[in-house]
Amino acid sequence: MNQPLAYIHPGAKIATNVVVEPFTTIHNNVIIGSGTWIGSNVTIMEGARIGKNCRIFPGAVISAIPQDLKFDGEDSLAIIGDNTTIRECCTINRGTKALGKTQIGDNCLIMATSHIAHDCVIGNNCILANGSVIAGHVTIGDFAILSGLVAVHQFIHIGEHAMVSGGSLVRKDVPPYTKAGKEPLSYVGINSIGLRRRGFDTEKIREIQNVFRLLYQKNYNTSQAVEIIEAEMEATKERDQILLFIKNSQRGIMKGYTGS
(Lines of atoms letter the chains of each structure in order from A and count residues from 1; the text may use other names and numbers.)
(Lines give C-alpha, C1' and ligand atoms only; values in the text may rest on other atoms or scores of the structure.)
Protein backbone atom coordinates (compact mmCIF):
# COMPACT_ATOMS: atom_id res chain seq x y z
CA MET A 1 0.00 0.00 0.00
CA ASN A 2 1.96 2.96 -1.30
CA GLN A 3 -0.18 6.05 -1.73
CA PRO A 4 2.03 9.09 -2.30
CA LEU A 5 -0.96 11.42 -2.66
CA ALA A 6 -2.66 10.26 0.56
CA TYR A 7 -1.58 11.14 4.11
CA ILE A 8 -1.45 8.18 6.50
CA HIS A 9 -0.18 8.82 10.01
CA PRO A 10 2.64 6.44 11.01
CA GLY A 11 0.60 5.41 14.07
CA ALA A 12 -2.33 4.13 12.02
CA LYS A 13 -2.61 0.33 11.80
CA ILE A 14 -3.80 -0.59 8.35
CA ALA A 15 -3.89 -4.09 6.86
CA THR A 16 -1.52 -4.59 3.98
CA ASN A 17 -4.21 -5.13 1.34
CA VAL A 18 -6.27 -2.04 2.20
CA VAL A 19 -6.63 0.34 -0.77
CA VAL A 20 -6.39 4.04 0.04
CA GLU A 21 -7.12 6.34 -2.88
CA PRO A 22 -5.37 9.71 -3.41
CA PHE A 23 -6.08 12.80 -1.27
CA THR A 24 -7.37 10.82 1.69
CA THR A 25 -6.21 11.62 5.23
CA ILE A 26 -5.91 8.94 7.94
CA HIS A 27 -4.99 10.15 11.43
CA ASN A 28 -3.23 8.49 14.35
CA ASN A 29 -4.94 5.80 16.46
CA VAL A 30 -6.87 4.32 13.53
CA ILE A 31 -7.25 0.60 12.75
CA ILE A 32 -8.51 -0.63 9.36
CA GLY A 33 -9.12 -4.30 8.55
CA SER A 34 -8.12 -6.26 5.48
CA GLY A 35 -9.85 -5.88 2.14
CA THR A 36 -11.26 -2.43 2.88
CA TRP A 37 -11.33 0.24 0.19
CA ILE A 38 -11.04 3.93 1.11
CA GLY A 39 -12.02 6.33 -1.68
CA SER A 40 -10.50 9.70 -2.48
CA ASN A 41 -10.96 12.71 -0.19
CA VAL A 42 -12.01 10.65 2.83
CA THR A 43 -10.98 11.83 6.31
CA ILE A 44 -10.58 9.17 9.01
CA MET A 45 -9.80 10.71 12.39
CA GLU A 46 -8.49 9.41 15.71
CA GLY A 47 -10.46 6.61 17.32
CA ALA A 48 -11.74 4.98 14.13
CA ARG A 49 -11.95 1.19 14.11
CA ILE A 50 -12.98 -0.03 10.66
CA GLY A 51 -13.54 -3.71 9.91
CA LYS A 52 -12.79 -5.97 6.99
CA ASN A 53 -14.05 -5.56 3.42
CA CYS A 54 -15.66 -2.18 4.00
CA ARG A 55 -16.09 0.48 1.31
CA ILE A 56 -15.91 4.16 2.20
CA PHE A 57 -16.73 6.57 -0.59
CA PRO A 58 -15.35 10.07 -1.32
CA GLY A 59 -16.08 12.89 1.08
CA ALA A 60 -16.91 10.76 4.12
CA VAL A 61 -15.62 11.89 7.53
CA ILE A 62 -15.27 9.11 10.09
CA SER A 63 -14.63 9.57 13.83
CA ALA A 64 -14.66 13.36 14.05
CA ILE A 65 -15.24 14.64 17.58
CA PRO A 66 -18.88 14.81 18.73
CA GLN A 67 -21.04 17.83 18.02
CA ASP A 68 -21.84 17.94 21.73
CA LEU A 69 -20.96 20.86 23.97
CA LYS A 70 -20.42 18.45 26.89
CA PHE A 71 -17.60 16.71 25.05
CA ASP A 72 -14.36 17.45 26.88
CA GLY A 73 -11.74 15.79 24.71
CA GLU A 74 -12.05 12.33 26.26
CA ASP A 75 -10.80 9.29 24.37
CA SER A 76 -13.55 7.49 22.50
CA LEU A 77 -14.13 5.40 19.39
CA ALA A 78 -16.11 5.14 16.17
CA ILE A 79 -16.44 1.43 15.36
CA ILE A 80 -17.56 0.15 11.96
CA GLY A 81 -18.13 -3.58 11.43
CA ASP A 82 -17.17 -5.83 8.54
CA ASN A 83 -18.62 -5.56 5.02
CA THR A 84 -20.21 -2.18 5.68
CA THR A 85 -20.53 0.44 2.94
CA ILE A 86 -20.44 4.16 3.71
CA ARG A 87 -21.38 6.31 0.74
CA GLU A 88 -20.40 9.83 -0.28
CA CYS A 89 -20.16 12.63 2.29
CA CYS A 90 -21.44 10.68 5.29
CA THR A 91 -20.35 11.90 8.72
CA ILE A 92 -19.96 9.52 11.66
CA ASN A 93 -18.90 11.07 14.98
CA ARG A 94 -17.10 9.17 17.72
CA GLY A 95 -18.58 8.69 21.18
CA THR A 96 -18.45 10.67 24.40
CA LYS A 97 -17.83 9.55 27.97
CA ALA A 98 -21.53 8.61 28.13
CA LEU A 99 -20.91 5.42 26.13
CA GLY A 100 -17.35 5.79 24.88
CA LYS A 101 -18.15 4.79 21.32
CA THR A 102 -20.36 5.13 18.31
CA GLN A 103 -20.88 1.71 16.74
CA ILE A 104 -22.15 0.47 13.37
CA GLY A 105 -22.51 -3.27 12.83
CA ASP A 106 -21.67 -5.65 9.99
CA ASN A 107 -23.18 -5.61 6.50
CA CYS A 108 -24.72 -2.15 6.79
CA LEU A 109 -25.35 0.36 4.02
CA ILE A 110 -25.11 4.01 5.02
CA MET A 111 -26.15 6.02 1.97
CA ALA A 112 -24.88 9.41 0.83
CA THR A 113 -24.91 12.47 3.13
CA SER A 114 -26.24 10.59 6.16
CA HIS A 115 -25.11 11.68 9.63
CA ILE A 116 -24.66 9.42 12.66
CA ALA A 117 -24.00 11.32 15.88
CA HIS A 118 -22.12 10.41 19.05
CA ASP A 119 -22.91 7.34 21.14
CA CYS A 120 -25.27 5.76 18.60
CA VAL A 121 -25.41 1.98 18.28
CA ILE A 122 -26.59 0.60 14.94
CA GLY A 123 -27.01 -3.15 14.54
CA ASN A 124 -26.12 -5.51 11.71
CA ASN A 125 -27.65 -5.48 8.22
CA CYS A 126 -29.16 -2.01 8.62
CA ILE A 127 -29.84 0.46 5.80
CA LEU A 128 -29.87 4.23 6.26
CA ALA A 129 -30.98 5.83 3.01
CA ASN A 130 -29.73 9.16 1.64
CA GLY A 131 -29.82 12.11 3.97
CA SER A 132 -30.81 10.25 7.14
CA VAL A 133 -29.76 12.16 10.26
CA ILE A 134 -29.40 10.32 13.55
CA ALA A 135 -29.00 12.35 16.74
CA GLY A 136 -26.93 11.24 19.73
CA HIS A 137 -27.58 8.15 21.87
CA VAL A 138 -29.88 6.47 19.33
CA THR A 139 -30.12 2.66 19.17
CA ILE A 140 -31.17 0.93 15.94
CA GLY A 141 -31.75 -2.83 15.87
CA ASP A 142 -30.60 -5.40 13.30
CA PHE A 143 -32.18 -5.29 9.82
CA ALA A 144 -33.85 -1.92 10.42
CA ILE A 145 -34.34 0.32 7.36
CA LEU A 146 -34.59 4.09 7.41
CA SER A 147 -35.77 5.59 4.14
CA GLY A 148 -34.43 8.87 2.76
CA LEU A 149 -34.37 12.09 4.78
CA VAL A 150 -35.45 10.49 8.07
CA ALA A 151 -34.56 12.54 11.16
CA VAL A 152 -34.25 10.69 14.48
CA HIS A 153 -34.46 12.49 17.85
CA GLN A 154 -31.79 11.77 20.45
CA PHE A 155 -32.23 8.73 22.74
CA ILE A 156 -34.69 7.06 20.37
CA HIS A 157 -34.78 3.27 20.02
CA ILE A 158 -35.77 1.71 16.68
CA GLY A 159 -36.36 -2.02 16.91
CA GLU A 160 -35.17 -4.94 14.79
CA HIS A 161 -36.71 -5.37 11.32
CA ALA A 162 -38.53 -2.02 11.56
CA MET A 163 -38.93 0.23 8.53
CA VAL A 164 -39.39 4.01 8.68
CA SER A 165 -40.85 5.83 5.68
CA GLY A 166 -39.03 8.65 3.91
CA GLY A 167 -39.05 12.14 5.35
CA SER A 168 -40.25 10.99 8.77
CA LEU A 169 -39.51 12.75 12.05
CA VAL A 170 -38.90 10.06 14.67
CA ARG A 171 -39.76 11.44 18.11
CA LYS A 172 -40.97 8.20 19.73
CA ASP A 173 -39.57 4.68 19.86
CA VAL A 174 -40.41 2.40 16.92
CA PRO A 175 -41.13 -1.20 18.02
CA PRO A 176 -39.52 -4.14 16.20
CA TYR A 177 -41.14 -5.62 13.08
CA THR A 178 -43.23 -2.51 12.36
CA LYS A 179 -43.61 -0.01 9.55
CA ALA A 180 -43.71 3.63 10.63
CA GLY A 181 -45.06 6.54 8.61
CA LYS A 182 -47.40 9.57 8.57
CA GLU A 183 -47.01 12.74 10.64
CA PRO A 184 -46.83 12.50 13.57
CA LEU A 185 -45.02 9.19 13.14
CA SER A 186 -47.47 6.32 13.58
CA TYR A 187 -47.84 2.56 13.26
CA VAL A 188 -48.97 1.71 9.71
CA GLY A 189 -48.56 -2.08 9.79
CA ILE A 190 -45.86 -4.68 10.22
CA ASN A 191 -42.91 -5.02 7.88
CA SER A 192 -44.29 -8.23 6.36
CA ILE A 193 -42.38 -7.99 3.07
CA GLY A 194 -39.08 -7.55 4.88
CA LEU A 195 -39.88 -10.40 7.24
CA ARG A 196 -40.66 -12.76 4.37
CA ARG A 197 -37.41 -11.85 2.67
CA ARG A 198 -35.57 -12.78 5.86
CA GLY A 199 -37.18 -16.18 6.23
CA PHE A 200 -40.12 -15.57 8.57
CA ASP A 201 -42.91 -17.99 7.73
CA THR A 202 -46.61 -17.13 7.39
CA GLU A 203 -47.50 -18.43 10.86
CA LYS A 204 -44.81 -16.33 12.54
CA ILE A 205 -45.82 -13.22 10.60
CA ARG A 206 -49.45 -13.78 11.64
CA GLU A 207 -48.36 -14.09 15.27
CA ILE A 208 -46.53 -10.75 15.07
CA GLN A 209 -49.57 -9.17 13.40
CA ASN A 210 -51.79 -10.39 16.23
CA VAL A 211 -49.53 -8.79 18.84
CA PHE A 212 -49.71 -5.42 17.13
CA ARG A 213 -53.43 -5.76 16.43
CA LEU A 214 -53.99 -5.87 20.18
CA LEU A 215 -51.51 -3.06 20.75
CA TYR A 216 -52.71 -0.65 18.08
CA GLN A 217 -56.12 -1.61 16.70
CA LYS A 218 -58.32 -2.56 19.66
CA ASN A 219 -58.58 0.82 21.42
CA TYR A 220 -56.58 -0.34 24.43
CA ASN A 221 -53.98 1.90 26.01
CA THR A 222 -50.45 0.55 25.99
CA SER A 223 -50.56 -0.84 29.53
CA GLN A 224 -53.86 -2.61 28.91
CA ALA A 225 -52.63 -4.09 25.64
CA VAL A 226 -49.45 -5.40 27.24
CA GLU A 227 -51.45 -7.12 30.00
CA ILE A 228 -53.78 -8.76 27.48
CA ILE A 229 -50.91 -9.90 25.24
CA GLU A 230 -49.14 -11.46 28.22
CA ALA A 231 -52.32 -13.17 29.43
CA GLU A 232 -53.78 -14.39 26.14
CA MET A 233 -50.89 -15.00 23.74
CA GLU A 234 -48.43 -17.84 23.93
CA ALA A 235 -44.92 -16.78 24.97
CA THR A 236 -42.56 -16.82 21.99
CA LYS A 237 -39.27 -15.15 21.19
CA GLU A 238 -40.95 -12.51 19.04
CA ARG A 239 -43.81 -11.80 21.43
CA ASP A 240 -41.43 -11.40 24.35
CA GLN A 241 -39.06 -9.25 22.29
CA ILE A 242 -41.89 -6.83 21.49
CA LEU A 243 -43.09 -6.71 25.10
CA LEU A 244 -39.57 -6.14 26.44
CA PHE A 245 -39.05 -3.32 23.94
CA ILE A 246 -42.26 -1.62 25.10
CA LYS A 247 -41.46 -2.02 28.80
CA ASN A 248 -37.94 -0.64 28.33
CA SER A 249 -39.00 2.34 26.23
CA GLN A 250 -37.86 5.59 27.81
CA ARG A 251 -39.56 7.99 25.39
CA GLY A 252 -42.70 5.92 24.80
CA ILE A 253 -43.60 4.07 21.63
CA MET A 254 -45.18 5.61 18.54
CA LYS A 255 -48.97 5.69 18.47
CA GLY A 256 -51.39 4.03 16.11
CA TYR A 257 -52.54 5.98 13.07
CA THR A 258 -55.96 7.59 13.66
CA GLY A 259 -56.48 8.98 10.18
CA SER A 260 -57.21 12.46 11.53
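Per our numbering: the sequence shown = residues 4 to 263.
For each residue, glycine too, the CB sits at the ideal point set by N, CA and C.
Keep in mind it's a predicted model, so treat the numbers as computed, not measured.
Residue i versus the options, residue with shortest Cα-Cα distance
i    : options                  : result
T27  : I35, D71, G162 and I41   : I41
Y190 : I208, F203 and M257      : M257
T99  : S117, Q70, T239 and D85  : Q70
N20  : I29, I35 and I11         : I35
S43  : L112, P7, P61 and G54    : P61
K73  : A101, V153 and A81       : A101
G54  : T94, T88 and E77         : T88
M114 : V124, E237, E77 and L152 : L152
Under the three-state DSSP convention, the category residue i falls into
i    : result
L112 : strand
I183 : Per the sequence presented here, residue 183 reads as Ala, with Ile not at that position. Correct three-state label for A183: strand.
R200 : helix
L72  : coil
A264 : Limits of the chain in this structure are 4 at one end and 263 at the other, which puts residue 264 out of reach.
I249 : helix
Y190 : strand
I65  : strand
T205 : helix
L8   : coil
C159 : The sequence shown places Ile at residue 159, not Cys. If DSSP states are grouped into helix, strand and coil, I159 belongs with coil.
A1   : Given that the chain is displayed from residue 4 to residue 263, the structure contains no residue 1 and the question cannot be resolved.
D78  : coil
T19  : coil
K258 : strand
D176 : strand
T142 : strand
Beta-carbon gap between residue i and residue j smaller than 9 Å
i    : j    : result
I59  : I65  : yes
G162 : V177 : yes
T105 : I82  : yes
G144 : G169 : no
Where residue i falls, given that 16 or more other Cβ within 10 Å makes a residue buried
i    : result
T205 : exposed
K182 : buried
I148 : buried
A138 : buried
N96  : buried
Q244 : buried
P179 : buried
K175 : buried
(message) To test your reading of the DSSP string, which unbroken beta strand (DSSP E) runs of 3 or more residues are found completely within the segment 81-140?
(response) Counting only runs that start and end inside the segment 81-140, the beta strand (DSSP E) elements of at least 3 residues fall at 94-96 and 104-107.
(request) Tell me the start and end of each unbroken beta strand (DSSP E) in the segment 23-63 that is at least 3 residues and wholly inside, in chain order. (result) Along the segment 23-63, the beta strand (DSSP E) occurs as fully enclosed runs of 3 or more residues at 51-53, listed in sequence order.
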